Amino acid sequence: RGIQRNITEFFRST
Amino acid sequence: MLELRLVQGGLLKKVLDSLKDLVNDANFDCSATGFSLQAMDSSHVALVALLLRSEGFEHYRCDRNLSLGMNLSNMAKMLKCAGNDDIVTIKADDAADSVTFMFESPNQDKIADFDMKLMDIDSEHLGIPEAEFQAIVRMPSAEFARICKDLSTIGDTVVISVTKEGVKFSTRGDIGTANIVCRHNTSVDKPEEATIIEMEETVSLTFALRYMNSFTKATPLANQVTISLSSDLPVVVEYKVAEMGHIRFYLAPKIEE
């Protein structure tokens, strides 16, 4: 149910 | 040279128990600030950030920043061999390919050392900005764990909605639907039994229960859990680790198809 988003979409790589 | 002595060794056992099902391998970073970890689960949906501040250790020696790559299930196996009341010391040399865990019984009549091989882990470090949340819910951690477990017998996802009525956890599955509402409640005998809802704006987000249930493995660490929600941001599920730090789980929301 619904599309699972990826955590890396939200946080920048450092 | 790294040498960290933790009198409450049982805390480290609980920390590992709360991480090992979510993350396979991770780098533990040691610096003057403390002993920390940031890791994603294998599908890059959830992220965990652990911090144990240096002041929380009885002895904290870290000559230079060091990253120790460990297999968490192996680390958990080794820590399982420590007693709950044991003092745990973590030791490593600067160029070491192994780490030593030393366990001392409280009355010093038993001392054990376990040496674990380290591994090279290529991990991506994400920058987590400070965020303002639309709603922050503090509630008994056991209550949150019970809700996640109960709802996962009915559905795969949970909708967490915060309104001025309270926080609602909802699911639906083949057999039917379920809604659990917890209201703001501070008229309790003990502060850890309180449910505190701070809301700037109403918010409603959908999450996979499988991950929420995994986060609740941290329940033995703290009586209270903090759930921070904002539209279109990962939820933050935080457990304090005694007075010395925290474990924060971030989970990306699901969106409508």
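Residue numbers (my numbering), protein chains in the order written: chain D, 383 to 396; chain X, 65 to 321. Where a beta carbon is used, it is the ideal one built from N, C-alpha and C, also for glycine. It should be emphasised that the depicted structure is a prediction, and the values quoted were computed from it without experimental measurement.
Could you tell me the boundaries of the beta strand (DSSP E) in which X:Gly-240 lies?
If you number the second sequence from 1, residue 240 of chain X lands on position 176. Run containing X:Gly-240: 240-246, per the beta strand (DSSP E) assignment.
Short check: CB of X:Leu-297 to CB of D:Phe-392, under 8 Å?
Taking the first residue of the second sequence as position 1, residue 297 of chain X is located at position 233. Taking the first residue of the first sequence as position 1, residue 392 of chain D is located at position 10. Against a cut-off of 8 Å, the Cβ pair of D:Phe-392 and X:Leu-297 comes out as a contact.
As assigned by DSSP and simplified to three states, the class of X:Ser-234
Residue mapping note: residue 234 of chain X aligns to position 170 of the second sequence, counting from 1. Of the three classes helix, strand and coil, the one that applies to X:Ser-234 here is strand, per DSSP.
With distances taken between CB atoms, is the gap from X:Val-79 to X:Val-305 smaller than 8 Å?
Sequence index remark: in the second sequence, residue 79 of chain X carries index 15 (1-based). Sequence index remark: in the second sequence, residue 305 of chain X carries index 241 (1-based). Result yes, Cβ atoms of X:Val-79 and X:Val-305 sit closer than 8 Å.
With distances taken from CA atoms, which of X:Met-65, X:Glu-265, X:Ile-154, X:Cys-246 is nearest X:Arg-210?
To locate residue 210 of chain X, count along the second sequence from 1; it is residue 146. Taking only the C-alpha atoms, the option nearest X:Arg-210 is X:Cys-246.
Just the chain D side, please: which residues come within less than 8 Å of X:Asp-220 by C-beta, in chain order?
Residue mapping note: residue 220 of chain X aligns to position 156 of the second sequence, counting from 1. Going along chain D in sequence order, the residues near X:Asp-220 (Cβ under 8 Å) are Arg-383.
Let me check understanding here. Comparing Cα to Cα, which of X:Val-267, X:Phe-279, X:Ser-118, X:Val-201 lies closest to X:Gly-333?
Nothing in the structure corresponds to residue 333 of chain X, since chain X is present only between 65 and 321.
Residue from X:Cys-94, X:Thr-280, X:Asp-105 whose Cα sits closest to the Cα of X:Asn-129
Along the second sequence, read from residue 1 onward, the residue named residue 129 of chain X stands at position 65. Ranking X:Cys-94, X:Thr-280, X:Asp-105 by Cα distance to X:Asn-129 puts X:Cys-94 first.
May I have the straight-line CA-CA distance separating X:Phe-124 from X:Cys-145, to the nearest angstrom?
Your numbering for residue 124 of chain X matches position 60 in the second sequence. Your numbering for residue 145 of chain X matches position 81 in the second sequence. Checking the sequence, you will find Tyr at residue 124 of chain X rather than Phe. Whole-angstrom Cα-Cα distance: 22 Å.
For X:Tyr-314, I'd like the list of residues in its chain whose CB is within less than 6 Å of its CB, leaving aside the five on either flank, ordered along the chain.
Working through the second sequence from its first residue, we reach residue 314 of chain X at position 250. Cβ within range, chain order: Leu-111, Pro-298, Val-300.
Taking 8 Å as the threshold, find out whether the segment 77-91 of chain X comes into contact with the segment 131-145 of chain X through three or more Cβ pairs.
yes
When the cut-off is 8 Å and only beta carbons count, does X:Glu-307 lie next to chain D?
For the purposes of this step, residue 307 of chain X is identified with residue 243 of the second sequence, where counting begins at 1. No, no contact with chain D.
Could you confirm whether any beta carbon from chain D is found closer than 8 Å to the beta carbon of X:Val-109?
Translated into the one-based positions of the second sequence, residue 109 of chain X becomes position 45. X:Val-109 counts as touching chain D.
Label X:Gly-240 either buried or exposed according to how many other C-beta atoms from any shown protein chain fall within 10 Å of its C-beta, with 16 as the threshold for buried.
Translated into positions along the second sequence, residue 240 of chain X becomes position 176. Label assigned to X:Gly-240: exposed.
If you drop the 5 nearest sequence neighbours on each side, which residues of the same chain put their C-beta closer than 6 Å to that of X:Gly-219?
The residue you call residue 219 of chain X lines up with position 155 of the second sequence. Thr-235, Arg-236, Gly-237, listed in sequence order.
Hey, would you say X:Phe-271 sits closer than 8 Å to X:Val-226, going by beta carbons?
Within the second sequence, numbered from 1, the residue matching residue 271 of chain X stands at position 207. Within the second sequence, numbered from 1, the residue matching residue 226 of chain X stands at position 162. For X:Phe-271 and X:Val-226, no; Cβs fall outside 8 Å.
At which residue ranges does the segment 244-321 of chain X contain complete alpha helix (DSSP H) runs of 4 or more residues, listed in the order of the chain?
273-279
So, is X:Met-65 buried or exposed, given that buried needs 16 or more other C-beta atoms within 10 angstroms?
By 1-based counting over the second sequence, the position of residue 65 of chain X is 1. That one is exposed.
Check for me: the beta strand (DSSP E) holding X:Ala-176 runs from which residue to which?
Taking the second sequence and counting its residues from 1, the one referred to as residue 176 of chain X is at position 112. Note, X:Ala-176: beta strand (DSSP E), 175-181.
Mind checking if X:Gly-191 is an interface residue toward chain D, Cβ cutoff 8 Å exclusive?
Along the second sequence, read from residue 1 onward, the residue named residue 191 of chain X stands at position 127. Output row for X:Gly-191: interface = yes.
I think D:Arg-387 touches X:Ile-192, with their Cβ atoms under 8 Å apart; what is that distance to the nearest whole Å?
In the first sequence, residue 387 of chain D corresponds to position 5, counting from 1. In the second sequence, residue 192 of chain X corresponds to position 128, counting from 1. Incorrect: roughly 16 Å between the Cβ atoms, too far for contact.
Would you say X:Pro-317 faces chain D, with C-beta separation under 8 Å as the test?
Along the second sequence, one-based indexing puts residue 317 of chain X at 253. Yes - at least one Cβ of chain D is within 8 Å of the one on X:Pro-317.
Could you name the residues of chain D that X:Thr-241 contacts, counting a contact when the two beta carbons are closer than 7 Å?
Position 177 of the second sequence, counting from 1, holds the residue named residue 241 of chain X. Correct list: empty, because the minimum Cβ distance to chain D is about 12 Å.
Check whether the Cβ of X:Glu-188 lies closer than 8 Å to any Cβ atom in chain D.
Looking up residue 188 of chain X in the second sequence gives position 124. For X:Glu-188, the answer is yes, since a Cβ of chain D falls inside 8 Å of its Cβ.
Residue ranges of each beta strand (DSSP E) within the segment 129-161 of chain X, 3 or longer:
130-135, 151-156
May I ask you to list, following chain order, the residues of the segment 250-275 of chain X that have a beta carbon less than 8 Å from some beta carbon of chain D?
Thr-270, Ala-272
Looking at C-beta atoms only, is the number of pairs between the segment 200-215 of chain X and the segment 259-270 of chain X that lie closer than 8 Å three or more?
yes
When DSSP labels each residue in this structure, what does X:Val-79 get in the three-state scheme?
In the second sequence, residue 79 of chain X corresponds to position 15, counting from 1. X:Val-79: helix per DSSP, three-state reduction.
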